[in-house]
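Read in order, the letters of the sequence shown correspond to residues 1 to 299 in this note's numbering. Shown next, in structure tokens, is the structure this report addresses.
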Amino acid sequence: MKAWGFKEFGNTPFYCFDVPEPKLEEGKVIVKTISAGVNPTDWNTKIGIYPYDIFPFMSGWELCGEVIAEKGTQHNVGDIVYGLINFPEMAGCYAEKVSVNGVDVVPIPNNIPAKKAGALPLVGLSVIQAFDKISAARGKSILITGASGGVGHMAVQHAKNYGLHVIAVASSKNEDFVRGLGAGDFIAYDKEEIKLSGDVDILFDIYKEAFPFEAVKNGGQILTLQERKQQEFKNINYVYHVVNRNADDLLRLTKLIEVRKIIPHISSTFPFSEVEQAIRQVSHAHAKGKIIVDFNLQP
Ligand SMILES: NC(=O)c1ccc[n+]([C@@H]2O[C@H](COP(=O)([O-])OP(=O)(O)OC[C@H]3O[C@@H](n4cnc5c(N)ncnc54)[C@H](OP(=O)(O)O)[C@@H]3O)[C@@H](O)[C@H]2O)c1
Numbered sequence: 001m002k003a004w005g006f007k008e009f010g011n012t013p014f015y016c017f018d019v020p021e022p023k024l025e026e027g028k029v030i031v032k033t034i035s036a037g038v039n040p041t042d043w044n045t046k047i048g049i050y051p052y053d054i055f056p057f058m059s060g061w062e063l064c065g066e067v068i069a070e071k072g073t074q075h076n077v078g079d080i081v082y083g084l085i086n087f088p089e090m091a092g093c094y095a096e097k098v099s100v101n102g103v104d105v106v107p108i109p110n111n112i113p114a115k116k117a118g119a120l121p122l123v124g125l126s127v128i129q130a131f132d133k134i135s136a137a138r139g140k141s142i143l144i145t146g147a148s149g150g151v152g153h154m155a156v157q158h159a160k161n162y163g164l165h166v167i168a169v170a171s172s173k174n175e176d177f178v179r180g181l182g183a184g185d186f187i188a189y190d191k192e193e194i195k196l197s198g199d200v201d202i203l204f205d206i207y208k209e210a211f212p213f214e215a216v217k218n219g220g221q222i223l224t225l226q227e228r229k230q231q232e233f234k235n236i237n238y239v240y241h242v243v244n245r246n247a248d249d250l251l252r253l254t255k256l257i258e259v260r261k262i263i264p265h266i267s268s269t270f271p272f273s274e275v276e277q278a279i280r281q282v283s284h285a286h287a288k289g290k291i292i293v294d295f296n297l298q299p
């Protein structure tokens, strides 16, 4: 069978390898992949930001697929499931078939087609788990950077679920999109500076290259997805979150999507033959919502 990965770090090609079929083990399911989400971490791994030393490294951390075999799990053959797979160890989700822990996948939301569901676990879990770590009382303000991207477009919606006033940062071309998700105020980073100084209760720090921490008021909170250099923040609750696999959280995400409290947006779909192009596109950091690989899409 075929699977995408790379042989070395750096801005060099990805390859579609011939690899052995996955083996069925106790507690696992074999999934025939239908869709796989594309994330900046796919590119960051390729250029060597993380300390992996496995080559070839098989890319991709999230998927949706059909269970074609299972051993000692709660799943049945024929179930359509999705999940964040094996993160942060190598998972290899850009593969025709993947062996996954039964506990890492759950049935997809009933209002999302399988060809889109593979794009939701990583960003969805990141957002709902991150919000669990802060005090997000109704009426407080939250500044969200990267608000139009994979994580950000769900973060804006989830902030509204908490009754927060959202000030969103993205490029001017995405203003209507982000306001449509629920942002009350919008800052176009390509046209203006973030002039807030000590004004906001919470900063959700998503986009790596900008860190407007001065915007946070005394006694406020910084919730970050970025591993930043240790800094002293006087009287600010600083929380760094890394997404983790958790079936209960995934079921919570499923429910939020089913009741339309989070509506995912997918802007670009690539066929399996173009996984490399999909990862190179996400590397530019201008995805509107998510990018996905649809294994049944013809090139
Ligand atoms: N810690 C964790 O567990 C975790 C989990 C998920 C993601 N992450 C990290 O979170 C980051 C975002 O991930 P993502 O999937 O949301 O990425 P993405 O889909 O590529 O989104 C990038 C966002 O950044 C904005 N942006 C691009 N250039 C900008 C600039 N110069 N100034 C301000 N904003 C700019 C984009 O807006 P425009 O398109 O409008 O330009 C877009 O909203 C990545 O670094 C990723 O690695 C961490």
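Beta carbons: idealized from backbone N, C-alpha and C, even for Gly.
In the three-state reduction of the DSSP assignment, Asp190 falls in the coil class. Using a Cβ-Cβ distance cut-off of 8 Å, the region 100-115 and the region 127-146 are not in contact, since fewer than three pairs of beta carbons, one from each stretch, lie closer than that value. Around the beta carbon of Phe55, a 10 Å sphere encloses fewer than 16 other beta carbons of the protein chains shown; the residue is thus reported as exposed. Fewer than three Cβ pairs drawn from the region 247-264 and the region 16-30 lie within less than 8 Å of each other, which leaves the two stretches out of contact. The beta carbons of Gly124 and Leu253 sit closer together than 8 Å. Short note on Ser268: C-beta not closer than 7 Å to any heavy atom of ligand 1. Restricting attention to Glu214, Ile263, Val282 and Phe9, the CA atom closest to the CA of Val178 is found in Ile263.
Listed in chain order, the beta strand (DSSP E) elements of length 3 or more contained wholly in the region 188-225 are 200-205 and 216-224.
A distance below 6 Å between beta-carbons, with the five flanking residues on each side excluded, links Lys46 to the following residues of its chain, in chain order: Phe6. Between Ala3 and Ala95, the CB-CB gap stays under 8 Å. By the Cβ test, the region 243-250 is not in contact with the region 162-169, since fewer than three Cβ pairs between them sit closer than 8 Å. Scanning its chain for C-beta atoms nearer than 6 Å, with the 5 sequence neighbours on each side dropped, one finds around Leu24 the residues Ile30, Ala69 and Lys71, in chain order.
Measuring C-alpha to C-alpha distances from Gly149 to each of Pro299, Glu193, His284 and Asn11 identifies His284 as the nearest.
Taking the CA atoms as reference points, Ile142 sits about 43 Å from Val77. Inter-residue distance for Asp294 and Trp61 is about 15 Å (C-alpha atoms, whole angstroms). Contact check for Ile202 and Gly220: beta-carbon distance about 6 Å, within the 8 Å limit, so the pair qualifies. Nearest to Asn235 by C-alpha distance, out of Val151, Asn218, Ile112 and Lys208, is Asn218.
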